[in-house]
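What follows is a short report on a single structure.
Chains as they are written, first to last, in the working numbering: chain V, 2 to 229; chain D, 429 to 907.
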């Protein structure tokens, strides 16, 4: 293994990861500086249940009409994010648990995951370019983030077998993209996963308190019995 | 269904009308003099004021909603504007929210401050830009919150729209209709400028009507009676245009043996602060009502059928007014359920034989908590109840929500996008559409006329009053 690859896999990745963590920390501190008002009404439901329901929304494709109408879009979402997890895991497995990628089945599984995510990424890029509504709202960051992820997946597929003895360049490219991603993510829309728990928390808390989420089912009991 | 298409590029550029603002200034209205109602000042640095107000008003949930949108476009499939105008990308909720998001990014977000062109961050350049923003947030969104519940990230676009409306209201950059109703509510305590004399006379008139109808002189509509079980609050529209609903309520309360009252002041449960985004107005109106209940030592507050009134009084008002809820605050729908369950009133569904469907008000289904409750009643007072689809929290807006009925300049677009609702209504085959919102009554009536549907809009109180079994009276009496 060359010194360049060793540094990329270790020091640079750790430095980039630390940078990401520090920026996220500042981001959360900044967010908490915005005021949060106290709720003054009697509850009609449970804020806690609402939060749990809202957080679990991602795993309940039946819960939102928008997803029910477009099940393929949800499948794409799942594939894409499994691919993201596989590619990110690879950046840790390769330097710190290389033995795992000696198992051919694991390599194939990871390559398939990132490969499928790559295809979804390309579909998403096509959708963003071809749909006028999406084109109108898309910024350069939206395109760059998606292209960066596509490149990350592509590099991951080639790098995952971890053949540094014979073919080092795919690994160098993969880890260089990883380092860049880690630095870029908190400033781009890829950082949305940091916000996801917060948006779902606030929405779930309000909706749960008001008895809107979880969605009521047809039943014989009504709110007439509760303390309105 | 009509195919007329509105040119939204013209709607976006509709000018700011300030005639009534000038008149309010000339008339030296109290609310203007005291700085409650803000007027447009063309000489002021409105752009900077907008940016300053934006920074002041962003709270944590709003900040998160401004940051979290990933531009996936899923919201387009949930918005009746976008569904009715699929070829118009400016109708996408994310696009509308981006008009405020880009200002936030330019002034508050790290990336947007350093490389604005990379993330579509942009500051408004002039009052014309603010006026365009006004036309988007007031004229192209009914804040129905359908996109919010359908956003995978949980972005509350309706809350962003309301906040933006509030900032523009503070600058006087508002549609005339919004200005006028806000003025009336500030000046008179109710949004239709009903005088105390008119209010009391109408209550007296309705009392006499019910007494005559039932032949029961004991029926009363008490005003400012202390220590009652509840204080009943209404929509000024009931006084001005539809006092029958008050008569229906009085009749039902009488047979239920209820101890109730209406307040002389603080009776308006509607709140234009919800629509204009003006939390100060919202707090003022809500506080009037809560204080009236306190003064009368009422054990609870009952809100007549009104979507935004229910949301404002039951949920938002306490928070706007920084007023801890002390007594139960419920919709009259809940009161009616209690009467039926406790056997205090008897109803006969055969008295409402026509097919009835139910329209969920956005402010109640997606921002309140009543979806099964009105259905529980309808299934007991109507013999042919039919659901419309989608329904409950997924129901479509009547297209007249968020004060759009008061903004005449946006009516053509409102009626065009009401096609989605019209199709929903038509598919039910019902003759009556019931709703628990006065605003929806007007919105639905408007679209029913426009799309020539053979339907009539009713409310739960109408149907319950009609199905009421009056002791010792023949059913034919009940009309």
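Glycine residues also receive a C-beta, built at the ideal position from the N, C-alpha and C atoms. Small disclaimer: the values here were computed from a predicted structure and weren't measured.
Residue i CB to nearest heavy atom of the ligand SAH below 7 Å
| i | result |
| --- | --- |
| residue 728(D) | The ligand SAH is not part of the structure shown, which contains no ligands of any sort. |
Contacts that residue i makes with chain D (C-beta to C-beta distance below 9 Å)
| i | result |
| --- | --- |
| residue 213(V) | 577, 793, 794, 795, 796, 797, 799, 821 |
| residue 22(V) | Correct list: empty, because the minimum Cβ distance to chain D is about 16 Å. |
Chain V contact residues for residue i, given Cβ-Cβ distances below 9 Å
| i | result |
| --- | --- |
| residue 369(D) | The shown model of chain D, from 429 to 907, leaves out residue 369(D), and the question about it has no answer. |
| residue 818(D) | 66 |
| residue 747(D) | 38, 39, 40, 41, 42 |
Within chain V, partners of residue i - CB distance below 8 Å
| i | result |
| --- | --- |
| residue 743(D) | 42, 211 |
| residue 526(D) | 138 |
| residue 486(D) | 35 |
| residue 677(D) | Result: empty, since nearest Cβ-Cβ is about 17 Å, beyond 8 Å. |
Pairwise C-alpha distance: residue j and residue i
| i | j | result |
| --- | --- | --- |
| residue 533(D) | residue 102(V) | 43 Å |
| residue 895(D) | residue 673(D) | 14 Å |
| residue 137(V) | residue 515(D) | 12 Å |
| residue 149(V) | residue 186(V) | 10 Å |
| residue 152(V) | residue 745(D) | 51 Å |
| residue 560(D) | residue 524(D) | 11 Å |
| residue 143(V) | residue 805(D) | 49 Å |
| residue 785(D) | residue 681(D) | 25 Å |
| residue 749(D) | residue 43(V) | 15 Å |
| residue 615(D) | residue 452(D) | 11 Å |
| residue 216(V) | residue 83(V) | 28 Å |
| residue 828(D) | residue 849(D) | 11 Å |
| residue 754(D) | residue 39(V) | 15 Å |
| residue 906(D) | residue 893(D) | Residue confidence for residue 906(D) is low, a pLDDT of 46 falling below 50, so the modelled location carries little weight and cannot support an answer. |
| residue 53(V) | residue 577(D) | 15 Å |
| residue 689(D) | residue 612(D) | 24 Å |
| residue 33(V) | residue 715(D) | 29 Å |
| residue 771(D) | residue 727(D) | 21 Å |
Coarse secondary structure for residue i, derived from DSSP in three states
| i | result |
| --- | --- |
| residue 687(D) | coil |
| residue 152(V) | helix |
| residue 570(D) | coil |
| residue 444(D) | coil |
| residue 10(V) | helix |
| residue 787(D) | strand |
| residue 55(V) | helix |
| residue 873(D) | helix |
| residue 520(D) | coil |
| residue 623(D) | coil |
| residue 473(D) | coil |
| residue 199(V) | helix |
| residue 487(D) | strand |
Contacts of residue i in chain D (Cβ-Cβ under 7 Å)
| i | result |
| --- | --- |
| residue 83(V) | Within chain D, no residue comes near residue 83(V); the closest Cβ sits about 16 Å away, beyond 7 Å. |
| residue 67(V) | 502, 505, 506, 578 |
| residue 132(V) | 501 |
Assigned exposure category for residue i - 16 Cβ within 10 Å defines buried
| i | result |
| --- | --- |
| residue 797(D) | buried |
| residue 489(D) | buried |
| residue 73(V) | exposed |
| residue 664(D) | buried |
| residue 642(D) | buried |
| residue 162(V) | buried |
| residue 37(V) | exposed |
| residue 194(V) | exposed |
| residue 63(V) | exposed |
| residue 146(V) | buried |
| residue 115(V) | buried |
| residue 27(V) | exposed |
Residue i - containing beta strand (DSSP E), residue span
| i | result |
| --- | --- |
| residue 862(D) | 860-863 |
| residue 659(D) | 658-661 |
| residue 759(D) | 757-759 |
| residue 647(D) | Per DSSP, residue 647(D) belongs to no beta strand (DSSP E) and is neither H nor E. |
| residue 434(D) | Counting along the chain, residue 434(D) falls outside any beta strand (DSSP E), and DSSP gives it neither H nor E. |
| residue 583(D) | Counting along the chain, residue 583(D) falls outside any beta strand (DSSP E), and DSSP gives it neither H nor E. |
| residue 884(D) | 884-886 |
Residue range of the unbroken alpha helix (DSSP H) whose run includes residue i
| i | result |
| --- | --- |
| residue 83(V) | 72-97 |
| residue 729(D) | Note, residue 729(D): premise wrong, no alpha helix (DSSP H); beta strand (DSSP E) at 729-731. |
| residue 214(V) | First-last for residue 214(V): undefined, no H or E at that position. |
| residue 508(D) | 508-512 |
| residue 778(D) | Taken as a continuous stretch (DSSP letters only), residue 778(D) belongs to no alpha helix (DSSP H), as it is neither H nor E. |
7 Å Cβ cut-off: residues of chain V touching residue i
| i | result |
| --- | --- |
| residue 546(D) | 140, 141, 142 |
| residue 493(D) | 200 |
| residue 489(D) | 203 |
Residues that residue i contacts on chain D, provided the C-beta gap is smaller than 8 Å
| i | result |
| --- | --- |
| residue 197(V) | 496, 581, 582 |
| residue 188(V) | 538, 539 |
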